[in-house]
Amino acid sequence: MTGKGLVTIERHIIEAEREFPEATGAFSNILYDLAFSAKMIAREVRRAGLADILGLTGEVNVQGEEVRKLDEFANEVIFKALDHTGHLCGMASEEVEDFIPIPDRFPTGKYCVLFDPLDGSSNIDANVSVGTIFSVHRKVSDHERGCVDDCLQAGTRQVAAGYIVYGSSTMLVYTTGNGVHGFTLEPSIGEFLLSHPNIRIPNPGQRIYSCNEGNYSLWSEDQRRLVDHLKGPDGENPKPFSSRYIGSLVADFHRNLLYGGMFMYPADSKCPGGKLRLLYEAAPLAMIAEHAGGAASTGEGRIMEVIPTSLHERTPLYIGTKEYVQMAERFLAGSGVAALV
Ligand code: AHG
Ligand code: MN
Ligand code: MN
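Going by the working numbering, the first residue of the sequence shown is number 5, and it counts up by one from there.
Written as structure tokens, this is what we have:
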């Protein structure tokens, strides 16, 4: 219980805005538009398995419209919810190669939004949780209608970040730097209700590690020793960690945020720069992890401090319980099994 009765996301955002008398409402509106997009995407994700029996697959559906993949659908929903509001100077999406300008017919504003419209989408046919990740930055360029530089900012400069997980229920989790708050969608009334105020990664929490261990042979020696250590066979760690890997970053991260644990997507010989995207995946989740008392690292340093040089830049990622992330950094620096948790 929150002690404040039922709190919708709208009320939560408005109450937070009242603490900033100079606020114009633009920022609150962006968050509200993202919550609205989440409901639209959740509705479509819920119907995903019905496409075949309702005759919605194939090139063209019964209305003669082309059927889009869910990640393209999600991309368009977010773009259309935000393009005309006058609050943004541009967007960037994992699904779109270049900076996304605001169409000329609409006014522009002082923020930009970056997003992964549907994370874990390869899982969707198996009815596994997927998600959306977003990040909000302030406009910094002199370009009147925004430009790519507004998106290429370090994570420390995010003014908000969040994700939606479309799981057994739909949840939206976000931070503006003042606590991490989680809302669960009440589907019958279509409202996100505050269900997880002020989330902190439990400490001590569960000893969980999450990674694609199928890549073991592609990993560096240090990375292998880290995972060997977590599993216990090095004899230095008598109580092995549990392994949990869904393959949807949002879902893996969400579980570890609530239970404790560390998600890793290391660099490997196939992806020497890592697989996950800095701007759409790593940086926004890093902001949430840090504000929940956790940490996020490239393996060498803070994700939040990485200054991006291109929109689709990738990074290795270690994220979750702070002491586990610090342990990973020690292993990757070659400190080996002397670096114990
Ligand atoms: P996306 O669906 O947005 O492309 O992201 C997929 C990502 C992420 O969700 C997940 O953690 C990772 O890919 C899984 O990768 P592997 O299949 O290589 O384990
Ligand atoms: Mn993704
Ligand atoms: Mn995606």
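In this text, a Cβ means the ideal position worked out from N, Cα and C, and glycines have one as well.
Predicted model, so just to flag it, every value in this text is computed and none were measured.
Quick one: grab the DSSP three-state call for Asp153.
The answer is helix: DSSP assigns Asp153 an H, G or I state.
Pair every Cβ in the segment 153-166 with every Cβ in the segment 11-23, then say whether three or more of these pairs are closer than 8 Å.
Between the segment 153-166 and the segment 11-23 there are fewer than three inter-stretch CB-CB distances shorter than 8 Å, so the stretches are not counted as touching.
Cutting at 6 Å between CB atoms, please list the residues of its own chain near Val184, excluding the five before and the five after it.
Answer for Val184: Ile203, Ile292, His295, Ala296, listed in chain order.
Look up Gly159 in the DSSP assignment and say whether it is helix, strand or coil.
Three-state result, Gly159: helix.
Does the segment 88-99 come close enough to the segment 109-118 that 3 or more CB-CB pairs lie under 8 Å?
Using a C-beta cut-off of 8 Å, the segment 109-118 makes contact with the segment 88-99, since at least three inter-stretch Cβ pairs fall below that distance.
Just the Cα atoms here: how many angstroms apart are Lys279 and Phe31?
If you take the alpha carbons of Lys279 and Phe31, they lie about 31 Å apart.
6 Å CB neighbourhood of Thr302 in its chain, flanking five on each side removed:
Listed in chain order, the non-local C-beta contacts of Thr302 below 6 Å within the same chain comprise Thr319, Pro320, local neighbours out to five positions each way being set aside.
Report all residues from its chain with a CB closer than 7 Å to the CB of Ala3; omit the five preceding and five following residues, and keep chain order.
This structure does not reach residue 3, given that the chain is present from 5 up to 345, and the question cannot be answered.
Going by DSSP, which residues form a beta bridge with His141?
Per the DSSP secondary-structure output, His141 pairs in a beta bridge with Cys116, Gln162.
What do you get for Phe187, buried or exposed, if any count of 16 or more other CB atoms within 10 angstroms of its CB means buried?
By the neighbour-count rule (16 or more Cβ atoms within 10 Å), Phe187 is buried.
Under 6 Å: does the beta carbon of Glu285 sit that close to some heavy atom of ligand 2?
True, at least one ligand heavy atom lies under 6 Å from that Cβ.
For Leu54, does the count of other Cβ atoms within 10 angstroms reach 16, so buried, or fall short, so exposed?
The residue in question, Leu54, is exposed, as its Cβ has fewer than 16 Cβ neighbours within 10 Å.
If we require 3 or more residues per run, which beta strand (DSSP E) segments fall completely within the segment 75-134?
When DSSP assignments are scanned along the segment 75-134, the uninterrupted stretches of beta strand (DSSP E) that are 3 or more residues long and fall wholly within it turn out to be 92-97, 115-123.
Does DSSP put Phe245 in a helix, in a strand, or in coil?
The answer is coil: DSSP assigns Phe245 none of H, G, I, E or B.
Have a look at Tyr249 and Asp123 and give me their C-alpha separation to the nearest angstrom.
For Tyr249 and Asp123, the distance between alpha carbons rounds to 14 Å.
Met266, enclosing beta strand (DSSP E) - first and last residue
Annotation for Met266: the continuous beta strand (DSSP E) segment containing it runs 266-269.
Which residues mark the beginning and the end of the beta strand (DSSP E) in which Leu321 is found?
Looking at the DSSP string, the run of the beta strand (DSSP E) that includes Leu321 is 321-324.
Cβ shell of Gly242 (< 7 Å), same chain only, five flanking positions each side left out
For the record, residue 242 in the displayed sequence is Pro; it is not Gly. Excluding five sequence positions before and after Pro242, the CB atoms of its chain that fall closer than 7 Å to its own CB belong to Gly236, given in chain order.
Helix, strand or coil for His185, going by three-state DSSP, please let me know.
Correct three-state label for His185: strand.
For Leu315, which three-state DSSP category applies?
Leu315: coil per DSSP, three-state reduction.
Spatial neighbours of Gly264 within its chain, please: C-beta separation below 8 Å, excluding the five flanking residues on both sides.
Within its own chain, the residues whose Cβ lies closer than 8 Å to the Cβ of Gly264, once the five positions on either side in sequence are excluded, are Ile205, Pro206, Asn207, Pro208, Gly209, Gln210, Arg211, Ile212, Gly324, Thr325, listed in chain order.
Go through its chain and collect everything with a Cβ distance to Ala42's Cβ below 8 Å, but skip five positions before and after it.
Excluding sequence neighbours, Ala42 sits near Thr136, Ile168, Thr174, Leu176, Leu189, Phe196.
At what residue ranges does the segment 187-238 contain a whole run of the alpha helix (DSSP H), taking only runs of 4 or more?
Qualifying alpha helix (DSSP H) stretches, in chain order: 225-235.
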